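Visitor:
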C-alpha cells in the first residue's frame, strides 16, 4: 500500500485534484531533469541542470576527477529521488494548491476513488454529524468496550 497526498486546486474544480504518492521515485532517479520538467517543477529542474552543468565543467577543466564527478552526480540523483515527491507537493502548494488529506491506497486510481467517495459522503452528511463507534467488534478479539 502507498500513501498519497491529495491536493485541491485553487479554483476548487474536482477534475484538477492532484494525488502525489509519498516515498522514493525511480523515475526521478533515472531521469531527474526530465522528471522535474514533466511535473512542471521549473525551479527544481533549473537547479538540477545547473548542478549537472557545474559538475561537467569542473570535470572538463580537470578540477574534479571523472570518477569523483560521477559519484557526486549519482549522489545528487539519489538525494533528489528521495525528496522528489516532497518537492512536487511543495511546488504544487506554491502554485496555490492546498493539502486536503492523506489516502492509503494501492494505486493512484484507487486513491481517487477513496477521496471522491469521502467527499461525496461528507457532502451528504449534515455538518453537525459525528462519527459513531461501530455496533460490533470489528476484530473480534477486544469485545465492545
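Residue numbers (this note's numbering): -19 to 125. We put the CB at the ideal spot given by N, CA and C, even for glycine. Predicted, not measured: the structure shown is a model, and the values here were computed from it.
1. Determine the DSSP secondary structure at residue 0, reduced to helix, strand or coil.
2. Could you tell me how far apart the beta carbons of residue 132 and residue 80 are, in whole angstroms, since I believe they sit closer than 8 Å?
3. Bridge partners of residue 53, per DSSP?
4. What does residue 85 pair with, by DSSP beta-bridge criteria?
5. Residue 35 and residue 49: beta carbons closer than 9 Å?
6. Return helix, strand or coil for residue 46, following the three-state DSSP convention.
Guide: On the basis of the data shown:
1. Strand at residue 0.
2. The shown model of the chain, from -19 to 125, leaves out residue 132, and the question about it has no answer.
3. Partner(s): none; residue 53 has no beta bridge.
4. For residue 85, which the question treats as bridged, DSSP gives the partners -18.
5. Going by C-beta atoms, residue 35 is nearer than 9 Å to residue 49.
6. Look at residue 46 here: in three-state DSSP terms it is helix.
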